[in-house]
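Shown next, in structure tokens, is the structure this report addresses.
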Amino acid sequence: MFKGKAIKYGNNVDTDVIIPARYLNTSDAKELAAHCMEDLDKGFVGKVKDGDIMVAGKNFGCGSSREHAPLAIKTVGISCIIAETFARIFYRNSINIGLPILECVEAAQDIEDGNDVSVDVATGIITNITKGKTYKAAPFPAFMQEIISAEGLVNYLKERTEVK
Amino acid sequence: MTQKILAAHAGLNEVKVGQLVMANLDLVLGNDVTTPVAVNEFNKMGVDGVFDKKKIAIVPDHFSPNKDIKSAEQCKCIREFAYDKGIENFFEVGQMGIEHALLPEKGLVVTGDVVIGADSHTCTYGALGAFSTGVGSTDMAAGMASGKCWFKIPEAIKFVLTGKMQKWVCGKDVILHIIGMIGVDGALYQSMEYTGPGVANLSIDDRFTISNMAIEAGAKNGIFEVDDVTLQYVKEHSTKTPVVFKADTDAVYSRVIEIDLSTIKPTVAFPHLPDNTRTIDEVGEVILDQVVIGSCTNGRIEDLRMAASIFKGKTVNPKIRTLIFPATQKIYLQALREGLIEIFIEAGIAVSTPTCGPCLGGHMGILAKGERALSTTNRNFVGRMGHPQSEVYLCSPAVAAASAITGKISSPEEVM
Numbered sequence: 000m001f002k003g004k005a006i007k008y009g010n011n012v013d014t015d016v017i018i019p020a021r022y023l024n025t026s027d028a029k030e031l032a033a034h035c036m037e038d039l040d041k042g043f044v045g046k047v048k049d050g051d052i053m054v055a056g057k058n059f060g061c062g063s064s065r066e067h068a069p070l071a072i073k074t075v076g077i078s079c080i081i082a083e084t085f086a087r088i089f090y091r092n093s094i095n096i097g098l099p100i101l102e103c104v105e106a107a108q109d110i111e112d113g114n115d116v117s118v119d120v121a122t123g124i125i126t127n128i129t130k131g132k133t134y135k136a137a138p139f140p141a142f143m144q145e146i147i148s149a150e151g152l153v154n155y156l157k158e159r160t161e162v163k
Numbered sequence: 000m001t002q003k004i005l006a007a008h009a010g011l012n013e014v015k016v017g018q019l020v021m022a023n024l025d026l027v028l029g030n031d032v033t034t035p036v037a038v039n040e041f042n043k044m045g046v047d048g049v050f051d052k053k054k055i056a057i058v059p060d061h062f063s064p065n066k067d068i069k070s071a072e073q074c075k076c077i078r079e080f081a082y083d084k085g086i087e088n089f090f091e092v093g094q095m096g097i098e099h100a101l102l103p104e105k106g107l108v109v110t111g112d113v114v115i116g117a118d119s120h121t122c123t124y125g126a127l128g129a130f131s132t133g134v135g136s137t138d139m140a141a142g143m144a145s146g147k148c149w150f151k152i153p154e155a156i157k158f159v160l161t162g163k164m165q166k167w168v169c170g171k172d173v174i175l176h177i178i179g180m181i182g183v184d185g186a187l188y189q190s191m192e193y194t195g196p197g198v199a200n201l202s203i204d205d206r207f208t209i210s211n212m213a214i215e216a217g218a219k220n221g222i223f224e225v226d227d228v229t230l231q232y233v234k235e236h237s238t239k240t241p242v243v244f245k246a247d248t249d250a251v252y253s254r255v256i257e258i259d260l261s262t263i264k265p266t267v268a269f270p271h272l273p274d275n276t277r278t279i280d281e282v283g284e285v286i287l288d289q290v291v292i293g294s295c296t297n298g299r300i301e302d303l304r305m306a307a308s309i310f311k312g313k314t315v316n317p318k319i320r321t322l323i324f325p326a327t328q329k330i331y332l333q334a335l336r337e338g339l340i341e342i343f344i345e346a347g348i349a350v351s352t353p354t355c356g357p358c359l360g361g362h363m364g365i366l367a368k369g370e371r372a373l374s375t376t377n378r379n380f381v382g383r384m385g386h387p388q389s390e391v392y393l394c395s396p397a398v399a400a401a402s403a404i405t406g407k408i409s410s411p412e413e414v415m
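Chains as they are written, first to last, in numbering that gives the first Met the number 0: chain W, 0 to 163; chain G, 0 to 415.
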């Protein structure tokens, strides 16, 4: 269960604004996190608190395959992303590094910036504490939940020694 | 078609939309930005070696030749990994090109292959009738270790192409037209499949450009029906045997879109999304600071020939910085032998060794605040080529060349 304040953005938030390519000469997660969302919202890194939940519209994470994007978002303290839809590579990358992301049109549209929100990834239930409303996202299939709770694909595979 | 390739690589007779399959990989690709992260993940897995030394390609093309100390460290990391693991397809500066132009040219991807690459434009190889898609670094690491990757079987949109493109129109205009029509999430999670009699009128370079930008419509891949043009290209570049997959005549598609190539006009995508398109007659006056011709989208020999045919005997507007990036060493050499490089230099253009460079705002042509570039690259997001308050417009090599001469976005007909 995650709980935090919603930080809301619009449609087509691309990986270049999540982490601009000019910072991709490093793969250090903390350095990347320091520039997260910089070109879209300069104040983001200053205002985000551990556990906060990012909420956005359609096609979140479109563009580049850089895994640095979900890594920066996770490292800066975001616990979960809720959007109407995600770009497919971003979706894969988020699961692979153990960042939970949920598709839910109703929640993505209704939650406002600053609302207190809680998310139960196992059931897909999203609660807007400020508005006293709940929304239902499709829960993850079991194997994806296991990847997330193992903090990513590599740990998940190691636990199962599937990679030989 | 995509479903059939994935089924064959998963050892299944047939698959359904939405089904999760584990497929065998023919090639795993990474570059100098994504591979360091993959190396880190690979090392965490505790495996000894890679699944197949011949089936991994690592290309330092983004920030190389090394633009700064940090980039040099990243290239060093992947170089050492490649040597340590005995990876055969590591391409050093001097041999390397932009990955998605280089791999088909080296014969590493052929018809019927399944390829993943830690670069979103890996979808380029759909031009050869292969299934190829972009993934992240962790998937690359798992792919290098196991030779496998999981996929969700996508739905497909069928594009039926008819007719022949007009003069000064090329594959770039076709794909910008399509993205403008369906939007940047118009093919989200889906496959874009190109078929119809118009395909025969598209060169292999046009097809590479069209498949390359499938990701800009959100697609998983963009794949062309295989014909003699495809097989001839594969034969000339590879010793691998192509495997031709054909869509069933009764295959089910989420949408069928017909496109008459003869109706497409030169098209420009305005900031800050590739679907914000206008045809050249709707552009108005857009004054430029920089023009870029190159990238995995439009740095191939036909692109350079098209630009040179416009630049020949002319000079660029003195207020414009014009940069040309042949996509590979082989393309560069061919352009040199054909006299194209001489035309460019006499026109007042800077010609560079292959690199992704300015396309992603890496190096070699970064924009200052308020500056405006017209580029044959693939993305015009906020800050893509430099300052967050700079602008990128996307177009074909012909429109780029004409505009470098006039100093504002122009139709090739204005200067020819």
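In this text, a Cβ means the ideal position worked out from N, Cα and C, and glycines have one as well.
*asked:* Does Q388(G) pass the burial test, meaning 16 or more other C-beta atoms within 10 Å, or should it be called exposed?
replied: Exposed, because fewer than 16 other Cβ atoms sit within 10 Å of the Cβ of Q388(G).
_Against chain W, with Cβ distances strictly below 7 Å, would V109(G) count as a contact?_
no
*In DSSP terms, what Y90(W) is bridged to*: Per DSSP, none; premise fails for Y90(W).
*Of the residues L160(G), E412(G), E87(G), A403(G), which one's Cα is nearest the Cα of M143(G)?*
Per the Cα distances, E87(G).
*Cβ of S63(G) within 7 Å of Cβ of C74(G)?*
Against a cut-off of 7 Å, the Cβ pair of C74(G) and S63(G) comes out as a contact.
*Does the Cβ of L101(W) have 16 or more other Cβ atoms within 10 Å, making it buried, or fewer, making it exposed?*
buried
*Under a CB-based cut-off of 7 Å, is F269(G) close to chain W?*
no
*Report the neighbours of F62(G) on chain W: residues whose CB is nearer than 7 Å to its CB, in chain order.*
By Cβ distance, chain W contributes N24.
_Length-filtered (4 minimum) alpha helix (DSSP H) runs lying within the stretch 43-122 of chain G_ = The stretch 43-122 of chain G contains these whole alpha helix (DSSP H) runs: 68-84, 98-104.
*asked:* From the DSSP secondary-structure annotation, give me the bridge partner or partners of E390(G).
replied: Paired residues: R371(G).
*As assigned by DSSP and simplified to three states, the class of V162(W)*: Here V162(W) scores only 46 on pLDDT, less than 50, and its place in the model should not be relied on; the value that follows carries that caveat. Coil.
*Bridge partners of V225(G), per DSSP?*
In the DSSP output, where bridge partners are listed per residue, V225(G) has none listed.
*Alpha carbon to alpha carbon, how far is K4(W) from N297(G)? Give it in angstroms, no decimals.*
Linking N297(G) to K4(W) through their CA atoms gives a straight-line distance of about 44 Å.
*For the stretch 325-334 of chain G and the stretch 399-406 of chain G, state whether three or more C-beta atom pairs, one from each stretch, are separated by less than 8 Å.*
The stretch 325-334 of chain G makes no contact with the stretch 399-406 of chain G; the number of CB pairs closer than 8 Å stays below 3.
*In or out: K53(G) buried (at least 16 other Cβ within 10 Å) or exposed?*
exposed
*asked:* Strictly below 7 Å CB to CB, what residues from chain W border R383(G)?
replied: D15
_Close-in-space but distant-in-sequence residues of the same chain around A71(G) (CB under 8 Å, 5 per side omitted)_ = For A71(G), the CB contacts under 8 Å within the same chain, skipping 5 residues up- and downstream, are N65 in chain order.
*Taking C-beta pairs closer than 7 Å, name the residues in chain W that S136(G) reaches, listed in chain order.*
E66
*Neighbour list for T164(W) in chain G, Cβ cutoff strictly below 7 Å*: Not covered by the structure: residue 164(W). The range shown for chain W is 0 to 163.
_Need the endpoints of the beta strand (DSSP E) that F207(G) sits in, please._
For F207(G), there is no enclosing beta strand (DSSP E); the residue is part of the alpha helix (DSSP H) that begins and ends at 203-211.
_Cβ closer than 8 Å: which chain G residues qualify as neighbours of N11(W)?_
V183, D184, L272
*Report all residues from its chain with a CB closer than 7 Å to the CB of V162(W); omit the five preceding and five following residues, and keep chain order.*
With a pLDDT of only 46 at V162(W), under 50, the local geometry of the prediction cannot be trusted, and the value read off the model is given with reservation. Excluding residues within five positions, the ones whose Cβ falls inside 7 Å are L156.
_So that I know if they touch, is there some Cβ in chain W lying closer than 7 Å to that of V113(G)?_
no
_Whether A355(G) touches I97(G) by CB criterion (7 Å)_ = Looking at the sequence itself, residue 355(G) is Cys, so the reference to Ala does not match. Contact: yes.
*For chain G, find out if any of its Cβ atoms is closer than 7 Å to the Cβ of L98(W); answer yes or no.*
no
*For G179(G), which residues of its own chain have a beta-carbon under 6 Å away from its beta-carbon, when the five flanking residues on both sides are left out?*
D274, T276
*Pick helix, strand or coil for K15(G), following the three-state DSSP scheme.*
coil
*Listed by chain order, chain W residues near E40(G) by CB distance under 7 Å*: V153
*Drop a sphere of 10 angstroms on the beta-carbon of G482(G), count the other beta-carbons inside from all chains shown, and report buried for 16 or more, exposed for fewer.*
The requested residue 482(G) does not occur in the structure, where chain G is confined to residues 0 to 415.
*Taking any Cβ of chain W, which residues in the stretch 313-326 of chain G have a Cβ under 7 Å from it, in chain order?*
none
_Is the separation between the beta-carbon of Q189(G) and that of A213(G) shorter than 7 Å?_
no
*Where the beta strand (DSSP E) containing F310(G) begins and where it ends*: Counting along the chain, F310(G) falls outside any beta strand (DSSP E), though it belongs to the alpha helix (DSSP H) covering 300-310.
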